[in-house]
Each structure stands twice: as C-alpha cells, then as structure tokens.
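Residue numbers (the UniProt record's numbering), protein chains in the order written: chain A, 1 to 332; chain B, 1 to 332; chain C, 1 to 214; chain D, 1 to 214.
Cβ atoms here follow ideal geometry from the backbone N, Cα and C, with glycine treated the same way.
Predicted, not measured: the structure shown is a model, and the values here were computed from it.
Below is one structure; the comments refer to it alone.
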Ligand SMILES: Nc1ncnc2c1ncn2[C@@H]1O[C@H](COP(=O)(O)OP(=O)(O)O)[C@@H](O)[C@H]1O
Ligand SMILES: Nc1ncnc2c1ncn2[C@@H]1O[C@H](COP(=O)(O)OP(=O)(O)O)[C@@H](O)[C@H]1O
Ligand SMILES: [Mg+2]
Ligand SMILES: [Mg+2]
Ligand SMILES: [Mg+2]
Ligand SMILES: [Mg+2]
C-alpha cells in the first residue's frame with residue numbers, strides 16, 4: 001500500500017489536523033471529529049448537517065461553509081460516524097430553527113443518524129428532520145436490497161438546500177426541498193481500479209487490466225457487473241443509459257455532475273464529460289449547469305460517476321446562489 | 001493502461017471538447033488548441049498567456065478567466081505546445097497593451113515560446129514579454145543542467161500577476177512582478193507511483209512497493225533520488241528541508257501550496273498539508289495563505305509537491321483579489 | 001467443570017475473549033468484508049472491542065446493567081458503520097434486561113441474549129436468510145434455549161449456541177444478500193461468508209469458552 | 001550505383017524513409033525517453049514526420065528551399081517539445097542554405113546539413129558530450145565532410161555520416177546529461193542512450209539509404 005499517511009490508524013485524525021491548519025475559516029472538533037463553520041449558525045437559519053465515512057473528500061467536510069453545510073461529521077474511512085458525533089454537531093449547529101440531517105442511504109449511516117436524531121430530540125429538544133439520499137441507479141431490485149445507495153446527488157442537494165436554508169426557509173420547507181432534489185436526481189458510477197482502504201492495506205478487489213466494474217458505489221465495493229474495458233464514449237453510454245431509463249429528464253433543465261472517484265486525473269474527467277454531454281444532447285436533454293471534478297470520491301479509486309438532476313428555474317436559482325466552501329465556491 | 005479515453009491519440013482533442021461543453025464562459029479554439037476567456041481582453045489590460053504540455057490539469061486551461069490568464073495553449077501530453085499556437089493566442093488576446101508569456105522552464109517550452117515571441121513581434125507587432133518560472137529545488141547544480149524546472153510557483157504566479165494585470169498595470173510592471181514572484185518561490189515534489197503517458201501505454205518508470213521518488217517534476221520523469229517509502233511526517237520533512245535550505249523565508253508572510261500529482265486523493269493531501277504546516281511552524285515560518293488540492297498535476301501519478309512563496313502585504317492583497325476560473329475561484 | 005451460575009466476571013471474560021478473537025481475526029474479517037462489502041469489518045470490530053475493554057478496565061462495573069450499558073454505549077460511540085449500532089444495541093438491550101444483578105442462571109442469560117437479539121432486529125430488520133449476523137445469532141439463541149430447556153448448564157447451552165452459530169454462519173455462504181452493503185452486489189454476493197455472521201460466531205465462541213472456564 | 005548528384009526526389013525519399021524509421025521505432029524511442037525523459041519522443045517524432053509527409057504529398061515542391069521550409073515549419077507547428085524546434089530549425093536552415101535548387105552535389109549537401117546543424121546549435125546551445133542529438137549529428141557531419149573532401153560521392157558521404165552518427169549515438173550511453181530533461185536526473189541519466197541522438201542516427205540512416213538507392 002502506497003499512501004501519504006503516517007499509519008493506517010491515524011489517517012482521519014491526521015487529515016483533520018491538515019484541514020484545520022489549511023482552513024482558518026473553519027473550526028475542527030478533534031475529539032468528536034466534526035468540522036464546523038467558523039461562525040455560529042445565524043438565529044433563525046435551519047442548520048444543515050451531514051456526515052459519513054471518510055475517504056469521500058471533499059464530501060462532506062469540504063462543503064461546510066456559507067451556502068452549504070453548517071457541520072460535517074467524519075467517520076473512520078468508509079465507516080459511518082457514530083451517533084454521539086452527530087448529536088454533538090446537531091446541538092452545536094442548532095440556532096433554534098432546527099437541524100436537517102443529510103444522510104446517504106447505507107445501513108450504517110441510516111442507523112447511526114437515526115440513533116443520533118433520537119438522542120438529540122430526547123436529550124436536548126432540538127428539532128431534527130432527516131433526508132436520506134438514494135440516487136444510485138446501479139442498485140436494481142431495490143426492494144430486495146438495502147435500497148439504492150446515496151451518491152452524487154448528495155453533493156447537489158447540499159448545495160441547493162444549503163442556499164435555501166441561507167434564505168431563511170423553515171425546517172419543514174428545507175426538508176421538503178431536500179426530498180424533492182433527491183427524488184429528481186439519479187447517478188451511476190464505474191471503476192477502472194479498486195481503492196485501497198488504509199486499514200486493509202491492499203486493494204479491496206482485483207480487477208484485470210482489460211476489465212472494469214460498472215455500477216460501483218463509493219466504498220470500494222465491487223459493482224454490479226464486471227465488463228470489458230471500453231472506450232470513453234462507450235463507458236459514457238453505459239453510465240447515462242440506466243440514468244435516463246430510470247427517470248424522465250425531458251422538458252426540464254438539468255444539472256449534470258461528472259465526478260471523479262479520486263484517482264482519475266482531471267483531463268480524463270473532462271474527456272468523459274464531453275462524451276456524457278454529447279449523449280445527453282442527442283437524447284434531447286437540456287444541460288443547464290455542469291460540474292466536473294472530484295466531489296464525492298472513493299479514496300484512490302480510478303473511475304467516475306455521472307449524476308443528472310432534473311431542475312427547474314427555482315433549483316437553478318438556488319444552484320447559482322453564492323457558496324463559499326473549500327470544495328465548492330462561487331458568487332462570493 | 002486503464003484510462004477514461006477513446007484512444008491515446010485523441011486524448012487532448014476529446015478533453016478540449018469536454019472543457020468547451022462544461023464551460024460556456026470559455027472559448028475553445030480546437031484547431032489551435034487554445035482556451036480563451038469568453039470576453040475579449042479589456043482595452044488597456046495586459047494579456048497573460050501560458051501554455052505547456054497537457055496532463056497537468058487544471059494548469060493552464062483551468063486558470064483562464066477573470067483575475068488569472070487570458071488564454072492557455074495546450075500541447076500534446078507532456079509536450080510543449082507549438083509556436084503557431086502561442087502566436088495565435090498572443091494575437092487574439094492582445095488588446096494593444098501587450099502580452100506576458102508565462103513559460104515553465106523546460107527546454108521545449110522555452111524554445112517554442114521563444115519562437116512564438118519572435119514570430120508575434122515580427123509579424124504582428126504585438127509587444128511580448130516572457131517570464132520563465134524555475135522554482136524546483138530538486139534540480140541541484142543547475143549550471144550543469146537545463147536549469148531548474150518550473151513547477152508549483154507557476155500556479156501562484158498566474159494568480160498574483162493575473163490580479164495585477166486586472167488592475168491595469170503596464171506590461172513592464174506586470175513582467176517585473178512575475179519575475180519577483182518566481183524569484184521568491186520554491187518547490188519540491190515526490191512520487192509514490194509513476195504516471196502512464198497515454199501514447200506510451202505503460203508506466204514511465206517502475207517503482208517497487210517500498211520505494212518512492214524524491215524530487216520528481218511534473219512529467220513523470222524519474223526523480224533525483226529513489227528512497228524508501230516513509231511516513232507522511234518524514235516525507236514532509238524531505239520536501240520542506242531543501243526548500244527552506246534554498247531561500248530564507250523568515251520574517252515574511254508566506255503562501256503555501258500542497259499540491260497533488262493527480263492520483264492522490266484529497267484526504268492524503270490534507271494529511272500531508274498538516275505535516276508540512278507543522279514543520280513550517282516549528283521553523284518559525286509564518287503561513288499567511290494556503291492552498292491544498294490538485295493544481296499542477298502529472299496525469300495519474302500518486303504523490304505531491306510543496307511550494308512556498310515568500311510574500312508581503314502587496315502580494316497577499318493580489319492573492320486575495322477576486323479570481324474566477326474553473327480551477328481557482330474566490331471573491332466573485 | 002462449569003457451574004450452574006454465571007458470574008459477572010465470566011461475562012467480562014466473555015468480552016475480553018471476544019476482543020481477542022476479533023483482534024486476532026481482524027484481517028480475516030476485513031478480507032471477508034472486502035469480497036462483498038467495504039473492507040472495514042475487521043477494523044470496526046477490533047476498534048470497538050478494544051475501546052470496550054479499555055472502558056471496562058478503567059471503570060469496572062458491579063452489576064450487569066451497568067456493565068453492558070457501558071459496553072453498548074462504547075460500541076455505539078466508537079464503531080460506526082452497521083456493526084456499531086447493531087452490536088451496540090445488542091449489548092444495551094442485553095444489559096437492560098439483565099438488570100442490576102451480578103449473577104445469572106441459564107434462564108436469565110437466555111432472556112438477556114434474547115433481548116439483545118431483539119435489539120438487532122429492531123435496528124436492522126433482518127430476516128433469516130438475508131445473509132447477515134442475524135443468520136448466526138438467531139439459531140445460536142434457539143440452540144441456547146433448547147439446551148437450557150432440556151436442563152443444560154449455561155456452559156453447555158453456550159457450547160450448543162456456538163455450534164449453531166457456526167452452522168448458521170456457514171449457511172450464509174450460498175445466500176444472496178438482502179440487507180446491508182452486500183445486497184448491492186446482487187447475485188455476486190453468493191459464494192462468500194457474511195462478515196457479520198462470522199464475527200457473531202466469534203461472539204458465541206467467546207461465550208462458550210468463557211463459561212467453560214467457569 | 002549511386003551517382004554524384006542528389007535529386008530533390010531522393011531527398012523526399014530521405015524524408016519518407018525517416019518517417020518510416022521513426023514510426024517503426026516509435027515505441028523504442030519512447031522507451032528510451034521513459035528511462036531519462038518524459039516518454040514522448042517516439043510519439044513526437046512519429047506525429048511530426050507523419051505531418052511532414054502528408055504536407056509533402058499534398059503540395060509537392062519543386063525546389064529545395066520550398067520543400068524544406070515546408071518540412072521545417074510542419075515540424076515546428078506539429079511536434080512541440082524540444083525536438084519540434086530543434087528538428088524544425090534544422091530543416092528550415094537546411095532549406096535556406098540549399099536555396100532554390102533541385103539538385104545537389106556533395107559540397108552543396110554538406111553546406112545545407114551544416115546550416116541545419118547550426119540551427120540546432122542556435123536553438124539548443126548543445127555542446128559535445130551534453131548527451132543530446134548533437135552528439136550524433138556533429139560527428140555525422142564531420143564524417144560527411146571528410147568523405148566529400150576525399151572525393152567520396154554523396155552516397156558514400158552519407159554512409160560515412162550514418163556510421164559516425166551510430167558511434168556518436170552509442171557514445172551517449174555513459175554520459176551524464178547536461179541539456180534537456182535528462183539533465184534533471186543527474187548521475188541517474190548515465191547508462192542510457194539519448195533518445196534524440198537515436199532519432200538523429202535514424203535521420204542519417206534514412207539519408208544513407210535513400211542516396212544509396214540513387
Ligand atoms: N440490516 C442489517 N441487519 C443485521 N445485520 C446487518 C444489517 N446490515 C448489515 N448487517 C451486518 O453488518 C455487517 C457489516 O458490518 P460492517 O462492515 O462493520 O459495517 P458496514 O457495512 O457499515 O461497513 C454485515 O456483514 C452484516 O452481517
Ligand atoms: N538543448 C538541447 N540541445 C540539443 N538537443 C536537445 C536539447 N534538449 C533536448 N535535446 C534533445 O531532445 C531530445 C528529447 O526530445 P523530446 O522527447 O521529443 O522532447 P522533450 O524533452 O521536450 O519531451 C533529447 O533526447 C535530446 O537529444
Ligand atoms: Mg463500512
Ligand atoms: Mg515532452
Ligand atoms: Mg464494512
Ligand atoms: Mg520527451
């Protein structure tokens with residue numbers, strides 16, 4: 001295993017030291033592994049909290065700041081954070097207007113956030129609403145599984161709903177917008193290589209040189225299908241098709257994210273975006289906004305994912321609203 | 001070779017299609033492989049042009065926009081662009097106030113930009129000044145070599161000098177500021193793995209699992225020394241020491257960049273930044289600004305580099321000035 | 001020979017033996033989780049049980065409810081993932097049902113274990129054959145109860161439970177997962193042991209060994 | 001047998017043979033550049049000479065200055081890197097010195113080649129022993145001139161030049177590079193052939209072969 005780390009057990013603690021030193025505008029609680037905004041939540045503003053296993057950076061810590069999250073809880077690599085972390089973040093971020101928990105649909109994340117919400121409401125009276133993202137079309141037969149995974153749409157949701165919270169909408173409105181965004185987004189991912197979990201010390205799966213995994217999530221789990229490596233244009237087709245098959249994106253502006261898994265360089269991500277955009281054009285889908293880069297990653301995995309969000313003028317307005325975080329910044 | 005490409009010969013052309021589709025605010029000249037700002041250069045504003053081989057994204061195309069470059073010429077992967085591209089960019093970007101060529105010190109880049117400047121001045125009368133960056137302390141004995149390579153400082157220079165050009169300084173002042181910034185910056189890089197040049201089809205060098213290359217550039221060239229893989233804190237020491245040895249950074253605010261080589265995920269870059277910042281603190285160096293992420297990469301190479309720039313209030317002011325590019329954005 | 005009552009100190013031995021087993025088998029559990037999950041089950045269980053034993057060593061409890069509340073909370077707050085809330089809730093409910101006692105007979109131990117299992121069901125909604133820890137835990141408790149019902153000692157019941165857990169664990173191999181991360185793999189999850197069922201077999205191995213010692 | 005004068009068409013053959021050699025040896029040149037450079041010399045030369053032959057085929061020239069100006073500009077505008085300006089300037093100067101002719105004797109060919117070499121020196125400032133293409137090109141021209149001076153035909157001179165280029169090329173192996181990318185490696189550049197010297201040996205191989213055909 002070749003990584004820029006001190007020891008597999010200290011990856012998260014050491015990385016949080018770097019985050020704190022690199023971002024004087026943020027606060028880091030090293031005991032509870034929470035990244036907060038430097039300024040307390042404005043009175044009346046609903047607080048947005050997310051969290052999850054580490055290894056997906058910039059998600060979620062890189063999205064803490066004006067126009068997005070108020071706090072992010074970091075779990076161990078690929079392991080959801082614990083309820084006490086989330087409860088602490090909930091307490092600190094709440095300004096009285098309530099807190100939205102943004103949870104990606106994984107058994108562990110859901111159970112831990114559930115316990116946190118119970119604890120926060122019971123012990124401190126903070127009003128908590130939760131939204132669970134589940135946009136991954138790679139998970140078929142979702143009634144016979146833990147349901148679809150929450151992946152790329154989480155990034156778009158944190159941006160859009162963050163803007164709405166900044167405008168002063170109440171908890172119910174913020175939560176309902178979050179559910180709408182989740183319902184209108186779909187994603188699909190693929191991997192050229194496995195990632196290596198530091199504590200495991202070797203790649204999670206072996207992939208021959210001429211094969212790729214289609215339908216991977218963001219935890220180095222093997223995908224749904226192992227298929228022959230193909231040119232970018234074919235890969236784009238294999239990613240976009242199940243997305244378009246799953247939801248009707250016609251007749252509305254869309255926001256499209258071409259996301260890197262962490263080990264794929266930007267030149268390839270742009271190349272892939274070109275292929276994806278051409279397919280969407282041919283399918284009559286109107287791309288109003290786009291985002292190309294590493295936003296929700298899977299450690300050092302090489303690969304990418306596509307997220308398409310059915311938007312409208314209001315969602316586009318919220319998308320364009322100012323945001324000032326380490327991982328996403330415009331308009332400020 | 002596992003890459004998200006259609007064919008090794010079309011990487012650059014296909015990636016530029018993606019850049020154009022992802023960034024409606026930019027113009028892409030596919031024949032000459034130039035990325036321009038959407039709006040012509042304001043009369044009276046000195047134009048900043050850079051360029052180099054591809055494979056270093058977001059450098060340079062990702063730095064085209066308000067507050068940074070006016071145009072970037074893309075060469076084939078790791079191959080400097082040709083003089084006709086640069087001449088074309090020079091002609092189009094010039095508003096009459098002259099053009100600064102920002103050139104990284106590599107034999108090929110220098111020779112091609114020299115020819116471009118000769119052609120531009122002779123054929124079109126555009127006033128051209130050039131600055132050659134050469135901040136890589138890994139190159140020792142620079143009198144017996146092609147000189148130090150231009151690496152990380154190029155990013156900081158494009159930002160700072162871009163802000164100065166935006167303020168309306170004339171060509172001589174802009175060029176002189178660029179030379180000052182270059183003179184005050186030092187960098188050092190390392191690799192955990194080789195990159196794979198698409199047209200070569202396999203890694204440029206083989207590196208055993210327990211070794212790393214210290215003093216690599218950004219073209220997959222082997223470094224100066226091959227040493228045993230070490231914990232992040234040791235690697236940070238090996239990167240920072242030669243930088244501090246080469247220039248006195250005491251008594252001034254500094255801007256520090258912890259840059260990823262393209263295949264290293266953000267969690268490791270933050271971890272490394274933490275180690276670097278702690279060493280700088282211990283050495284009494286004041287870090288006023290920092291930048292952590294992939295800014296000047298080497299395809300899919302795993303590794304990182306450190307750049308330290310000796311600044312002052314004026315340079316910090318220019319650093320903080322608004323910038324609006326795909327790769328760097330704040331204050332707008 | 002093991003007696004008819006189980007002391008708090010043998011339950012501490014249970015925990016410490018469980019810690020040892022998941023620590024020794026950390027790579028093995030992670031290996032199993034690499035095949036159908038995200039390669040962290042070994043790290044999760046080892047981290048959690050190390051924290052538990054540190055806590056137990058630092059502030060020894062005198063009653064079962066105190067001990068297992070602390071165990072459960074420590075797991076919940078140090079593990080994360082799916083196994084943190086599941087094993088955490090198991091021990092929390094175990095302690096609540098056990099109450100402020102320091103000795104158990106077979107029936108009391110069975111009731112506490114049943115409450116723990118109920119906690120896992122409440123959190124994870126597993127059903128038999130979903131390819132989860134439940135597939136080892138549920139038959140283990142059946143066997144435990146059957147042994148107690150036929151007059152077996154707690155040690156004998158625990159030994160029977162362990163045997164049944166092993167059978168239940170091994171029976172997860174051919175299953176297609178319907179809960180947890182492995183379910184995303186669909187048919188590809190078949191042919192692999194479930195990591196959580198494997199750690200649950202260690203839980204009953206630890207119980208059997210600690211009660212056998214008396 | 002090869003004659004005393006060299007026609008423009010044998011120089012076109014020279015170029016096309018050079019194109020073939022760098023294309024066939026594309027991977028080999030890249031391999032050499034991987035060891036001490038950035039793994040693109042094969043791609044650079046193959047791309048450049050393919051563009052040259054396309055251009056030459058599309059608009060055949062009738063005089064040397066026209067032909068080689070086009071060759072040089074095509075290389076300059078299609079290769080980039082170090083080799084683009086160096087080989088480009090080589091051919092540009094070759095054409096300027098050759099002038100508006102369509103036939104060469106040995107002396108004229110020597111003068112054009114010398115001018116080309118001068119162009120490389122002007123651009124790259126290489127010195128003997130720097131481990132560059134100059135280390136093959138300079139001795140090649142010495143040998144060419146010596147052969148012409150002793151009454152050799154252009155074909156004989158080109159054959160001698162090729163032999164000398166090979167010797168010069170091979171002599172780059174032990175050298176520590178002092179120019180170009182390889183110089184960054186310091187001592188580690190020793191023990192490897194220089195890629196540019198290798199492509200230059202192909203340049204003279206192509207010349208020798210095309211003139212030998214007449
Ligand atoms: N809904 C569930 N009910 C019961 N057990 C579950 C459930 N989901 C997952 N598990 C168990 O959890 C184990 C995985 O634990 P672990 O790897 O630590 O967490 P994670 O899946 O979050 O990475 C699985 O092998 C399975 O036995
Ligand atoms: N200053 C120089 N003078 C002469 N030849 C040089 C010089 N620098 C480099 N070269 C030649 O160029 C070759 C490398 O060409 P190439 O790989 O195409 O360009 P780059 O080094 O820009 O990638 C070297 O092997 C060397 O022979
Ligand atoms: Mg996990
Ligand atoms: Mg090159
Ligand atoms: Mg797991
Ligand atoms: Mg090269």
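Cα-Cα separation, residue i to residue j
i, j, result
"residue 116(B)", "residue 83(B)", "4 angstroms"
"residue 171(C)", "residue 164(C)", "10 angstroms"
"residue 314(A)", "residue 299(B)", "38 angstroms"
"residue 1(D)", "residue 154(D)", "Residue confidence for residue 1(D) is low, a pLDDT of 38 falling below 50, so the modelled location carries little weight and cannot support an answer."
"residue 218(B)", "residue 193(B)", "12 angstroms"
"residue 101(B)", "residue 113(B)", "8 angstroms"
"residue 191(A)", "residue 245(B)", "42 angstroms"
"residue 107(D)", "residue 148(D)", "7 angstroms"
"residue 56(B)", "residue 295(B)", "8 angstroms"
"residue 142(C)", "residue 161(C)", "8 angstroms"
"residue 66(A)", "residue 301(A)", "30 angstroms"
"residue 224(B)", "residue 181(D)", "12 angstroms"
"residue 134(B)", "residue 174(B)", "18 angstroms"
"residue 281(B)", "residue 291(B)", "16 angstroms"
"residue 31(D)", "residue 22(D)", "13 angstroms"
Cβ-heavy atom distance, residue i to ligand 4, below 6 angstroms
i, result
"residue 135(C)", "no"
CB of residue i within 7 angstroms of CB of residue j, strictly
i, j, result
"residue 52(C)", "residue 71(C)", "yes"
"residue 262(A)", "residue 269(A)", "no"
"residue 44(B)", "residue 86(B)", "no"
"residue 183(A)", "residue 161(A)", "no"
"residue 64(B)", "residue 34(B)", "no"
"residue 149(A)", "residue 137(A)", "no"
Helix, strand or coil at residue i [DSSP, three-state]
i, result
"residue 69(A)", "strand"
"residue 25(C)", "coil"
"residue 1(C)", "Any answer about residue 1(C) is weak, because its pLDDT of 38 lies below 50 and its placement is not dependable; what the coordinates show is given next. Residue state, collapsed to three classes: coil."
"residue 237(B)", "helix"
"residue 332(B)", "coil"
"residue 56(D)", "helix"
"residue 229(B)", "coil"
"residue 19(B)", "helix"
Heavy atom of ligand 3 within 6 angstroms of residue i beta-carbon
i, result
"residue 198(C)", "no"
"residue 79(A)", "yes"
Closer than 6 angstroms: residue i CB and nearest ligand 1 heavy atom
i, result
"residue 172(C)", "no"
"residue 107(A)", "yes"
"residue 203(B)", "no"
"residue 180(C)", "yes"
"residue 44(C)", "yes"
Residue i Cβ short of 6 angstroms to ligand 2 heavy atom set
i, result
"residue 81(D)", "yes"
"residue 215(D)", "This structure cannot settle anything about residue 215(D), because the visible part of chain D is limited to 1 through 214."
"residue 313(A)", "no"
"residue 44(A)", "no"
"residue 104(B)", "no"
"residue 132(D)", "yes"
"residue 300(B)", "no"
"residue 194(D)", "yes"
Which residues, in chain order, sit with a beta-carbon under 5 angstroms away from any heavy atom of ligand 6?
-> Counting only beta-carbon distances shorter than 5 angstroms to the non-hydrogen atoms of ligand 6, the qualifying residues in chain order are 33(D), 37(D), 38(D), 40(D), 41(D).
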